[in-house]
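Here the working numbering = 1-based position in the sequence shown + 22.
Beta carbons: idealized from backbone N, C-alpha and C, even for Gly.
First the structure, in the form of structure tokens, and then the observations on it.
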Amino acid sequence: MHGFNLRRVAEYIRRADTEELLDRVTVYREGMEPAALDLMEGELDRRGVGRDEIARHGEERWAEAIRLPDGTALRCSFCSRPAVARNRGWHRVFGVLPVFPRLFAACGVHAPGRPGGANPPPDSGS
Ligand SMILES: [Zn+2]
23 MHGFNLRRVA
33 EYIRRADTEE
43 LLDRVTVYRE
53 GMEPAALDLM
63 EGELDRRGVG
73 RDEIARHGEE
83 RWAEAIRLPD
93 GTALRCSFCS
103 RPAVARNRGW
113 HRVFGVLPVF
123 PRLFAACGVH
133 APGRPGGANP
143 PPDSGS
């Protein structure tokens, strides 16, 4: 009755990346419906991802993630990964993207200038 459609969630979970499911059962856990968590943990189990691996993923994410007051991680502005950096005015860094929220959050993949091959968000091509 709260807009939670278990069948749709189950379909979504079957198509989701393993990395995304891992994020949801760890750093976003507090914000998840218990029924959805059960489904996600079941799907991870089906993919051969054990509890140790889930726990390790959570520890690695929390080592860098920014925790919100509700206990979940701040989400990247460009994808569903947890953010590791927060900045203002990144439009000057990215240049090609004129309109942005005033405050950005970016994960390890999307934060500019991070070691290990950080990339800007995908631009509009060509
Ligand atoms: Zn990202």
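- Scanning its chain for C-beta atoms nearer than 6 Å, with the 5 sequence neighbours on each side dropped, one finds around L44 the residues H79, in chain order.
- Residues L66, R69 and V71 of the same chain have their beta carbon placed closer than 8 Å to that of T40, with the five preceding and five following residues left out of the count.
- Under the three-state reduction of DSSP, L96 is assigned to coil, being neither helix nor strand.
- A residue is called buried once 16 or more other Cβ atoms fall within 10 Å of its Cβ, and F26, having fewer, is exposed.
- Between ligand 1 and the CB of R108, the shortest heavy atom gap is not smaller than 8 Å.
- Contact residues of ligand 1 (beta-carbon closer than 7 Å to any heavy atom; chain order) are C98, F100, C101, R103, A128, C129, V131 and H132.
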